[in-house]
Amino acid sequence: MSDIIIDFLMAFLVGGAICAIAQVLINLTKLTAGKILVYFLLAGVLLQAFGVYEYLVNIGGAGATVPISGFGYLLANGAIKGAKEGLFGALTGGISAAAMGISAAIVFGYFFALIFKPKSKKN
Amino acid sequence: MKTKTKNNQNYLEYVSNIMPKTNEFQKIFRAFWVGGFICCIGQALRLLYQSVFSLSGDELAGFVSMTMIFLGALFTGIGIYDRIGKYAGGGSIVPITGFANSVVSPAMEFKSEGFIYGLASKMFVIAGPIIVFGTVASVLVGLGYYIYFMVV
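Protein sequence lines, in the order shown, are assigned to chains G and H. Read left to right, the first sequence gives residues 1328 to 1450 (our numbering). Read left to right, the second sequence gives residues -8 to 143 (our numbering).
Right, dumping it as structure tokens:
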């Protein structure tokens, strides 16, 4: 039981820390949401390219995989695993690993945008 | 001319009095706890899928992020996610739910311009660059490791 509590605590701390870093960047540079997402994605790819992000995933669990940098980790990890099998795997491994995320974003995104009306920006 | 600048000054003072005072540390704290909380929802889903559906590895991670994207898209649709975003800033942008938000939000907004050039193309205003840079970076990493494995 205490293991589960520690898992949640670590997810909270690691995930919160990643988001806090993003907020510090926003405060200092006024970066827009799109740029923040791209930079964090690339940071995840780069860190996993050197095998570093994996440690963060082992420590933080969902705290490291839920942020967009975890998506970058998934891409890099897939590409590395694919590269072990050959050139085809090296080229397709990243997107194959990310396929679930991309499909989910497109399918759910499409249907929810279809169903719901935009809310007024006032509230 | 003098009165005009004085009026401007009064106006600026008036604006800064009325503006809600959120200091930088408060923003960081809000991003921290909301971001951490969203990750805890992910952790709860991991636990649930692990114990109930006995998923593991890539499958587990895949279904957890699928569910998170579903929730992000749903809460954007019903208009709650943007309110969370106003409070949490980076805490709502960086999690994968923020990625879903960046897909649904502009798509909903531009639906009136048609389903192809409105809804479908505007889904990728922010998601497009993410997929572009993600794909390019992953292919570079893959090629790098492919060459590395050949040499070593």
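Glycine is no exception: its CB is placed at the ideal position from the N, C-alpha and C atoms. Predicted model, so just to flag it, every value in this text is computed and none were measured.
Would you call residue i buried or exposed, if buried means 16 or more other Cβ atoms sit within 10 Å of its Cβ?
i         : result
G:THR1356 : exposed
G:ASN1404 : buried
H:ARG21   : buried
H:PHE90   : buried
H:ASN(-1) : exposed
G:LEU1401 : buried
H:ARG74   : exposed
H:TYR40   : buried
H:ASN1    : exposed
G:MET1427 : buried
H:GLU4    : exposed
G:GLY1342 : buried
H:PHE66   : buried
G:ILE1332 : exposed
G:PHE1339 : buried
H:SER103  : exposed
H:TYR139  : exposed
G:ILE1386 : exposed
G:ALA1344 : buried
H:VAL179  : A query on residue 179 of chain H cannot be resolved here, the shown segment of chain H reaching from -8 to 143 and no further.
H:TYR72   : buried
Is residue i close to chain A, meaning its C-beta is less than 7 Å from at least one C-beta of that chain?
i         : result
G:ASN1354 : This model lacks chain A altogether; the protein chains it does include are G and H.
If you check the beta carbons only, do residue i and residue j fall under 7 Å apart?
i         : j         : result
H:TYR115  : H:GLY109  : Sequence inspection shows Phe at residue 115 of chain H; the Tyr mentioned does not correspond to that position. No, Cβ-Cβ distance for H:PHE115 and H:GLY109 is not below 7 Å.
G:THR1392 : G:VAL1379 : no
H:MET99   : G:ALA1431 : no
G:GLY1436 : H:ALA64   : yes
G:PHE1443 : H:GLY68   : yes
G:LEU1364 : H:ILE121  : yes
G:ALA1288 : H:PHE23   : There is simply no residue 1288 of chain G to check, as chain G begins at 1328 and stops at 1450 in what is shown.
H:ILE19   : G:GLN1350 : yes
H:GLY119  : G:LYS1446 : no
Between the Cα of residue i and those of the options, spot the shortest distance and give me the residue it belongs to.
i         : options                                       : result
H:CYS31   : H:ILE122, H:LEU131 and H:GLY82                : H:GLY82
G:ALA1417 : H:THR126, H:ASP49, H:VAL95 and H:ILE29        : H:THR126
G:LYS1411 : H:ASN8, H:SER96 and H:LEU134                  : H:LEU134
G:PHE1415 : H:ILE19, H:PHE106, H:TYR137 and H:GLY105      : H:TYR137
G:PRO1394 : H:GLY105, H:ILE29, H:VAL130 and H:ILE122      : H:ILE29
G:ALA1372 : G:ILE1386, G:ILE1407, G:VAL1434 and G:THR1419 : Going by the sequence as given, residue 1372 of chain G is Val instead of Ala. Measuring from the Cα of G:VAL1372, the nearest candidate turns out to be G:ILE1407.
H:SER129  : G:ILE1429, G:ALA1376 and G:ILE1386            : G:ALA1376
H:PHE124  : G:LYS1362, G:ALA1344 and G:ILE1345            : G:LYS1362
H:SER93   : H:SER42, H:PHE54, H:ASN14 and H:GLY76         : H:GLY76
H:SER96   : H:LYS113, H:VAL43, H:PHE44 and H:ASN14        : H:LYS113
G:ILE1429 : H:ILE107, H:PHE54, H:TYR72 and H:GLY105       : H:PHE54
H:LEU38   : G:ASP1330, G:GLU1381 and G:ILE1433            : G:ASP1330
Rounded C-beta distance between residue i and residue j? I'm assuming under 8 Å.
i         : j         : result
H:VAL132  : G:GLY1421 : 7 Å
G:SER1396 : G:PHE1439 : Between G:PHE1439 and G:SER1396 the Cβ distance is about 24 Å, and since that is not below 8 Å, they are no contact.
H:TYR78   : H:VAL25   : 7 Å
G:GLY1390 : G:MET1337 : 6 Å
G:LEU1358 : G:GLY1399 : At roughly 17 Å, the Cβ-Cβ gap does not stay under 8 Å, so G:LEU1358 and G:GLY1399 are not in contact.
H:GLY80   : G:ILE1353 : 6 Å
H:ILE117  : G:ALA1360 : 7 Å
G:GLY1409 : G:ASP1334 : At roughly 29 Å, the Cβ-Cβ gap does not stay under 8 Å, so G:GLY1409 and G:ASP1334 are not in contact.
So, do the stretch 24 to 40 of chain H and the stretch 82 to 92 of chain H have three or more beta carbon pairs nearer to each other than 8 Å?
-> yes
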